[in-house]
Amino acid sequence: MMTGSKGVSWLKQISPLKRLWGLQYHMRRQIKMLKICRQASLQNATASIKDTRNLGHSKRAKNGCKGTRHTAAECKYKREKCHACGKVGHIARACRSKIKTNQDKHEHKHQKRENKQGSRYHSHKVYDTEEEKKSEDDELESFTLNCINSETKLGGKVYKVGRQTGVDLKKVEPYTVKLKLDGQKVDFEIDTGCCLTVMSKGTFKETWKSTKHPSLKHAKIKMETYTGDSVEVIGTTRVKVQYRQQTLKLPLIVVKGDGPSLLGRGWLEEISLDWREIKNRCQAERVHKVKATENTLQQVLNGHENVFKEELGTLRGTKATVRVKSDASPRFFRPRSVPFAMRAKVDEEIDRLLRENIISPVKYSEWAAPVVPILKPTGTVRLCGDYKLTVNTVASLEQYPIPKVEDLFTALSGGKQFTKLDMSHAYQQILLDEESKKYVTVNTHRGLFTYNRLPFGVASAPAIFQRTMENLLKGIPLVVVYLDDILVSGKDEADHLKNLTEVLSRLEEAGLRLKRSKCEFMQEEVEYLGHKIDAQGLHPVQKKVEAILNAPAPTNVTELKAYLGLLNYYNKFLPNLATLLAPLHELLRQNVKWSWHRRHEEAFEKSKRLLNSADVLIHYSADKELVLSCDASPYGVGAVLSHKMEDGSEKPLGFMSRTLSPAEKKYSQLDKEALAIIFGLKKFHKYLFGRVFKIYTDHKPLISLFNMKKPIPQMGSPRVQRWAVMLSAYEYDIVYKPGKSHANADALSRLPLPETTPEKELVEQVLMMDVLDDALLDTRQIKRWTATDVILSQVHDNILKGWPAKTDAHLQPYRQRRMELSVRDGCVLWGARVVIPTKGRDKILKLLHQTHTGMSKMKGLARSYFWWPCMDESIENEVKLCEECQKHQKSPPTAPLHPWEWPETPWSRIHVDYAGPFLGEMFLLVVDAHSKWMDIYPVKSATSQVTIEKLRQSFSVFGLPKMLVSDNGTCFTSAEFETFMKQNGIDHVRSAPFHPSTNGLAERAVQTFKEGMKKIKGDTLQTKLSRFLFSYRITPHATTGLSPAELMMSRRLRSAFDPLMPDVKTRVQKKQLKQKEIHDTKKTLRSFGPGENVFVRNYSYGPKWIPAVVLGSSGPVSYNVSIGNGGTMKRHVDQVRARLQDIVPGELDAGLEQRKDWEPVAVDKAPLSVDSVPPLQSEETHDLPPVILPQVPPESPVAPVLQRSKRERHSPSHLKDFVR
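Note that the UniProt record's numbering gives residue 448 to position 448 of the sequence shown, counting from 1, and the numbers run on in steps of one.
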């Protein structure tokens, strides 16, 4: 029942004579309040609904201060903010939220005391939400759906077993009324705690299953459960409601899930109910239920409290026997080494088992299985014997038959209600006989221990336990037993309670214990062995086939192929399959674009229904072979349980699938395939446990890891080892099946149920480490290893017989020390140090590092006793690979300084940080990386909103930067700040956490700011801040050498020191004018225009002046010119002179070398007619490739040949000794 609700639950607190009057008064009051708050009727199904309690509450509060002499409009506190709830309009003493919180706390304490006394009341209510929370969508009206389902119920009633305090457990049944909706009768529970009328989706479909149901419309309503989880609203509709002579059209809300239909205040206002008739009828229905059922069942449970004690039971009078073949050879396995860190916990578990007499120490045994310690989430250890290696391989399995499901259900024929009992630690409640104890001996680091009780993992345990339980409970009618599950029924309630009493009595006499949390009492229906049982008979469980029924439609060709493979796998049971799947096969054709239409969806749904039909599915049979097919995809796992028929085909019993969690998607493929097997075992446990079955997988490595005849894998991951321990409780044969023949499980893994939440995997660790023998190394062991070592045996012989002239490379380290090597007692020594063979080096390293000393100490200790090649490197690797050492390693040396790249323009990258609290304020510092310009803004709090406001103020002056660097403060990492950055196109870079030097510019600015502000005395904070910023901005920065103002504004800020500086500019200008006058006394300025013929100075081989054409000016006194071969040059006006006529010079000397990298430069003008001249070699054209000279037209004059001196040339005399 909702805490604080003024619903029907108040009837429990008053005398029975006044309940009818109280109910009528309460309903009249609620209807009156509804009339006040209702301003308009619901226009359509999506209308918003107001909470009448909020309206009524606000009406009673006259003003914001609790005063009575003025109205709310005249209250001086109407604009004040409440310190209790944070709202504007009242002060804390008038806050209603504060009062409600205190009431809730008081009622919570009262409810807590009631729970301690054993009273637990549950209801299914919908009530308005009064929490002051903001909805994600302002248009959604929020409601809370309080629907609590208990695991242990009696027709909806909840009981607590334990020592009572004289108060009988009791629950008041809800008040119900029958209404007609569109002609269909529906039972409603009256709920005055909510203004909505709600119906579950299941009830909605069941009501209109024979006729067309009303159309549903989308509803903008938000509903929540008691725990705050949202409830999906399917839709809303308006229905014709009939009650006696009244007929109305009213809105109905349909929600997802199950539960009763609730009649809210909205309908109560419109419908006039006969409260007297409702009360009398409900009381009459409760009379014999409460007296004959509740109290009687409670008395039965109270009379057998010992059966539900939280302790390990012990079966009296019977002991279990493990039968082993007479010719079986004993199997003894040494203990697996336990990590030093876990030995204390393993010792504690062994001590606990000894105290509870579950195990006993033995000095000698021919049989011994190693134990596997499993770390539980609670931090304790559970020990499991690996009996796959010992007794399970040679034991004669019990031949007692596990009962058939059909026989069990036949025995329950005629039952009306059902009680399901579950055994606690089932197997260990049975003692072992003395002869069998030796077969279940386990070997630990503390010695041998034998189990006194039937342990988990013994192959005969299921048959032994089944025989024991059937013998114990035989003769009780309508009672069946399947291993640790007991099902009790009766022809009526009295017969049921009689049978239940007899079962509990026999269990109590036998000394057995039940697990109370898994028991269910007097249920109308229960799930047992994969079937749903009720008074009408046996029904299939929807969960078995929901993996197919709710499978999502394929989204690509790969998923479609997987689904079609599943259908083809059962092709022989599906008639007309090819015709049905024709639209789907069209999508597999080449050059057909994927497009899923209605006809594809219809074919997909029809095929799913066909796959779940009786033609494909089969009932469970104890005579047929069981097959579990499992497969995993990158995003899901699937499992199919099937029976193998006489013709070799497989018929499915059920399908299961689910998507992988984000953590499971990171598993290796081997772990995913193993997870699929474990998933299938858990889902079909009731079918598989105690049966011999086959597991099909398409992953070959699992065949070896999970083989029944092989030990638990020692080198596997802890997860795989834990799963292998779990599998040891089953009898199975794992078989490899190629992927192409494994289509049924493959399809389920590729089309998993998207809404299925995977079970949370227990955080357990299998601590099974198998290292070298625990015995200390001695001379004899070293001698044996030396004799069998390939290298040391040769060294041993060479020391005794002499070294050959040449040796292999691997013997070189020993040859270098041959004068210092010796042999003693078959061991090789280097001086006084023993040379360790390869086999013993790992153990020596472990011994050296057992106390986790460092490299230097390990090397020092090792050099005192032994040696082998590259021993120092081996020691270093041992320390580097030690996980424990790496966890506690010191921080590495700081990385080389990697400064930020200096931006070329101001305000490209800025660094921000907060300083404070300092001087009673927080200060936002903004520093420009280019100029080191600093802006500081004092604020009251460092929030995202304030930060954005100050940054906007700064950006309005200097513009938007390209990058902003900050630390990881919440004001910089909030979604609001990130949105601000994205909207303004600013790249936001955050420093590494706990590494402030990444944002070193801002951190150093904070330090400079604090030091400067501390030294400035007097005046206000703003005055001191302004003086500091002015002084900082005009002072040259140590990094740039210039003041931040010069780099930021390209000028120096005028300060009090400027009048002291002489006027340098005037002096320079005067000096320049004087130089110009002296220089220009006899000089005239020559100028040339584009296209003008000129001579330019040649500084290469050839004539001193060569003809050219002016292309244009490149400066005040410089020009770009083009020479005859198309090349360009730049010349000063002093290197250019006018050419009065178009003179074509003679040909240059043929020996004039032309630069090979000459390249004519294209000019964006019409080609100019210039004289053809030979190619020249100049410093301006050294980057240009050779160009073919243009041919001179016939009418052009022939260029004269350039004449050169033909004198004989001789090399200098000082070069005469050199040969050419």
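In this text, a Cβ means the ideal position worked out from N, Cα and C, and glycines have one as well.
Buried versus exposed call for residue i [16 or more other C-beta atoms within 10 Å across all chains shown]
i: residue 70; result: exposed
i: residue 351; result: exposed
i: residue 801; result: exposed
i: residue 438; result: buried
i: residue 906; result: buried
i: residue 769; result: Residue placement at residue 769 cannot be trusted, given a pLDDT of 40 that sits under 50; what the coordinates show is reported in the next sentence. Result: exposed.
i: residue 258; result: exposed
i: residue 508; result: buried
i: residue 1016; result: exposed
i: residue 925; result: buried
i: residue 721; result: buried
i: residue 174; result: buried
Selection from the options that minimises the alpha carbon distance to residue i
i: residue 585; options: 605, 606, 557, 598; result: 557
i: residue 888; options: 857, 852, 922; result: 852
i: residue 1092; options: 476, 1111, 1100, 456; result: 1111
i: residue 664; options: 676, 656, 655; result: 676
i: residue 517; options: 820, 173, 1211, 308; result: 308
i: residue 626; options: 633, 618, 632, 643; result: 643
i: residue 990; options: 219, 973, 982, 834; result: 973
i: residue 943; options: 934, 970, 960, 955; result: 970
i: residue 988; options: 396, 908, 686, 593; result: 908
i: residue 689; options: 1037, 1075, 459; result: 459
i: residue 1107; options: 1085, 1080, 1135; result: 1135
i: residue 1040; options: 1070, 926, 1078, 904; result: 904
i: residue 220; options: 231, 211, 212, 1045; result: 231
i: residue 655; options: 535, 621, 640; result: 640
i: residue 371; options: 595, 1036, 725; result: 725
i: residue 588; options: 606, 605, 555, 607; result: 555
i: residue 497; options: 604, 298, 412, 683; result: 298
i: residue 910; options: 960, 275, 875; result: 960
Other residues of its chain near residue i: CB distance less than 8 angstroms, five sequence neighbours each side excluded
i: residue 448; result: 361, 362, 363, 364, 365, 368, 441, 442
i: residue 237; result: 45, 214, 215, 216, 217, 251, 252, 254
Contact set for residue i: own chain, Cβ-Cβ below 7 angstroms, skip 5 residues either direction
i: residue 1130; result: 1114, 1118, 1120, 1180
i: residue 476; result: 499, 502, 503
i: residue 1010; result: 915, 918
i: residue 803; result: 815, 818
i: residue 700; result: 736
i: residue 384; result: 371, 372, 374, 456, 457, 725
Beta-carbon proximity list for residue i, same chain, < 6 angstroms, skipping 5 on both sides
i: residue 528; result: 487
i: residue 951; result: none
i: residue 1161; result: Any reading at residue 1161 needs caution, since the residue's pLDDT is 40, under 50, leaving its predicted position unreliable; the model's value is listed next. Result list for residue 1161: 1128, in chain order.
i: residue 836; result: 844, 866, 868
Near the ligand MN: residue i beta-carbon under 7 angstroms from a heavy atom
i: residue 1035; result: In the structure shown, the ligand MN is absent, as is every other ligand, since no ligand is present at all.
Cβ of residue i within 8 angstroms of any chain B Cβ
i: residue 92; result: The chain inventory of the structure shown lacks chain B, comprising one protein chain alone.
Run through the segment 417-456 for me and flag every whole alpha helix (DSSP H) of 4 or more residues, listed as ranges in chain order.
DSSP runs (the alpha helix (DSSP H)) wholly in the segment 417-456: 434-437.
Enumerated in chain order, which unbroken segments of the alpha helix (DSSP H) with a length of 4 residues or greater are wholly contained in the segment 870-898?
As far as the segment 870-898 is concerned, its whole alpha helix (DSSP H) runs of at least 4 residues are 871-880, 883-887.
For the 8 angstroms Cβ check, are there 3 or more pairs between the segment 937-950 and the segment 1048-1063?
The answer is no - the segment 1048-1063 does not touch the segment 937-950, with fewer than three Cβ pairs under 8 angstroms.
Touching or not, the segment 736-743 and the segment 464-475, by the rule of three or more beta carbon pairs under 8 angstroms?
Cβ pair count under 8 angstroms is below three, so no.
Suppose only complete runs of 4+ residues qualify. What are the alpha helix (DSSP H) ranges in the segment 183-207, listed by chain order?
Correct list: 201-207.
Are there three or more Cβ pairs, one per stretch, closer than 8 angstroms when the segment 418-436 is compared with the segment 507-526?
With a cut-off of 8 angstroms, the segment 507-526 and the segment 418-436 count as touching, because enough Cβ pairs lie within range.
Evaluate the contact criterion for the segment 239-246 versus the segment 177-184: three or more CB pairs, one atom per stretch, below 8 angstroms.
Yes, since at least three Cβ pairs between the segment 239-246 and the segment 177-184 fall closer than 8 angstroms, the two stretches touch.
Which runs of the beta strand (DSSP E) spanning at least 3 residues fall entirely within the UniProt domain "Integrase catalytic" (902-1052), listed in chain order?
DSSP runs (the beta strand (DSSP E)) wholly in the UniProt domain "Integrase catalytic" (902-1052): 909-918, 921-928, 934-939, 963-966, 987-990.
contact_flag[the segment 423-431, the segment 309-317] where n(CB pairs < 8 angstroms) is 3 or more:
Yes, the segment 423-431 is in contact with the segment 309-317.
Where in the segment 632-687 do unbroken runs of the beta strand (DSSP E), each at least 3 residues long, occur, reported from the N-terminal end onward?
Here the runs fully enclosed are 636-644, 650-659.
Any chance you could list the beta strand (DSSP E) runs of at least 3 consecutive residues sitting entirely within the segment 1046-1116, in chain order?
If you keep only unbroken beta strand (DSSP E) runs of at least 3 residues inside the segment 1046-1116, you get 1093-1097, 1105-1115.
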